[in-house]
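Asks: Protein chains in written order, with this note's numbering: chain G, 1 to 203; chain E, 204 to 406. Built from N, CA and C at the ideal position, the CB exists for glycine as well.
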DNA sequence: GTCTATAAAAGGATAGAC
DNA sequence: GTCTATCCTTTTATAGAC
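1) Quick one: is residue 214(G) near chain E, going by C-beta distance under 7 Å?
2) Note down, in chain order, every chain E residue with its Cβ under 7 Å from the Cβ of residue 191(G).
3) Quick one: what's got a C-beta closer than 7 Å to residue 1(G)'s C-beta in the same chain, skipping five residues either side?
4) Leaving out the 5 sequence neighbours to the left and right, which residues in its chain are closer than 8 Å to residue 89(G) when beta-carbon positions are compared?
5) Rounded to whole angstroms, what's the CA-CA distance from residue 216(E) to residue 210(E)? Just pull it up for me.
6) Given that residue 123(G) touches chain E, what residues does it touch there, using C-beta distances under 7 Å?
7) Start and end of the alpha helix (DSSP H) containing residue 346(E)?
8) Nearest-angstrom Cα distance between residue 222(E) and residue 248(E)?
9) Taking only the alpha-carbon atoms, compute the straight-line gap between residue 55(G) and residue 17(G) and give it to the nearest angstrom.
10) List the residues of chain E whose Cβ lies closer than 9 Å to the Cβ of residue 127(G), in chain order.
11) Does any heavy atom of the ligand MN sit closer than 6 Å to the C-beta of residue 122(G)?
12) So, using beta-carbon positions, are residue 114(G) and residue 28(G) closer together than 7 Å?
13) Name the chain G residues whose beta carbon is nearer than 8 Å to that of residue 207(E)?
14) Quick one: list the residues of chain E neighbouring residue 206(G), beta-carbon separation under 7 Å, in chain order.
15) Please report the straight-line C-alpha distance between residue 396(E) and residue 253(E), rounded to a whole angstrom.
16) Could you give the C-beta distance for residue 166(G) and residue 328(E), rounded to a whole number, given that I count them as a contact under 8 Å?
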């Protein structure tokens with residue numbers, strides 16, 4: 001048997017890191033940072049306990065790494081949506097569908113749940129707090145202009161944009177929370193329902 | 204100094220229990236069950252570590268006790284609201300205001316955050332899981348009839364009641380989560396905004 | 001690169017003094 | 001009723017063998 005090449009080793013290292021991150025993501029999202037034990041991650045990833053520490057220094061480091069990934073992805077959903085050549089309501093609809101359909105399925109829902117923990121918890125690593133502070137308000141800054149434009153052209157209800165945005169984010173957060181426990185086929189709100197939050201009512 | 208009477212002792216015991224429960228409620232709500240240490244509770248309640256165990260057997264017992272309180276209160280908000288002699292939309296508005304204004308301020312917001320942990324986490328005590336199972340779907344059962352009545356009389360949008368209810372609960376849950384971190388005066392959605400979720404829209 | 005065994009630390013729970 | 005000191009389990013983190 002010939003020895004493994006360095007390239008092959010690098011490939012293995014990359015895979016293991018991803019294995020560990022995926023396992024940790026799922027567990028952090030469901031159980032939270034504190035309740036997730038390194039041993040849980042090892043079991044979930046089908047790796048030995050010790051190997052986790054071969055690839056990462058601490059549990060906090062894994063968590064921080066994942067938060068960075070999650071933020072990057074979710075911010076991108078909003079940025080991409082903002083650029084689309086469609087009306088404001090349609091932009092929000094597409095963003096919402098991306099979150100509900102793509103985002104919330106597969107790995108995506110875990111990213112969102114992780115974000116909730118990262119954004120709201122007091123017990124996250126210091127680096128996550130710094131990161132969170134730097135990006136403070138980014139989601140509002142991305143959504144509010146769309147809302148204001150929608151109000152300008154009469155598509156969106158005349159409520160304070162900031163409060164509207166907060167309601168929207170609350171709804172999305174709440175959906176991510178409920179997601180693992182509801183009957184998706186019967187109970188998951190459609191993007192249409194979510195969008196109704198923004199629409200003008202009949203007089 | 205005369206010895207304390209039994210009545211006075213009972214009074215003290217009652218107070219201490221409440222002290223401990225209030226401190227634990229706040230911490231469980233903010234940090235979660237796992238991340239809250241008994242020592243944290245002792246500090247928050249200004250009591251010695253050992254005294255916690257004089258009044259409660261385990262951390263789980265404290266958590267379970269609080270979940271029962273929280274469920275009772277939140278279910279009551281819906282039941283009281285349902286009885287009011289007003290229209291469906293107005294009922295939901297009053298319930299929502301009660302949650303946002305009363306409920307979410309003071310001790311109430313902590314109860315709601317605790318409920319989120321209790322309702323969604325996998326790591327809660329077995330007794331909480333049983334409790335949760337027994338009451339499964341109770342909130343839907345309380346809200347859905349109001350929605351259906353609202354649709355019958357044309358006040359509420361013609362979407363599937365279950366999905367509408369889920370969207371509403373998601374929004375409320377998300378608001379509770381955001382509550383501790385937003386500027387209430389500027390960012391908190393009004394009950395009017397929340398209600399807009401249910402209203403019929405222009406075509 | 002991967003694993004098992006061990007050390008070190010943290011936290012839950014108890015005992016006993018006041 | 002309240003506190004401090006101690007025990008013991010759990011979990012993090014490291015060491016060293018394969």
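Replies: With the structure as the only source:
1) Shown here, chain G extends from 1 to 203; a query on residue 214(G) therefore has no answer.
2) Per Cβ cutoff of 7 Å: no residues; residue 191(G) is ~11 Å from chain E at best.
3) For residue 1(G), the pLDDT reaches just 48, beneath the cut-off of 50, and the residue's location in the model is therefore unreliable, although a value from the coordinates is still provided. Answer for residue 1(G): no residue qualifies.
4) 150, 155, 156, 195, 198 and 199
5) Rounded to the nearest angstrom, the two C-alpha atoms are 10 Å apart.
6) 234 and 238
7) 341 to 355
8) 6 Å
9) 7 Å
10) Per Cβ cutoff of 9 Å: no residues; residue 127(G) is ~17 Å from chain E at best.
11) The ligand content of the structure shown is nil, which means the ligand MN is not present either.
12) Yes. Within cutoff.
13) Those do not exist, as residue 207(E) stays about 39 Å from chain G at its closest Cβ, beyond 8 Å.
14) No statement about residue 206(G) is possible, as the shown extent of chain G runs from 1 to 203 and does not include it.
15) 47 Å
16) With 8 Å as the limit, residue 166(G) and residue 328(E) do not qualify as a contact, their Cβ atoms being about 33 Å apart.
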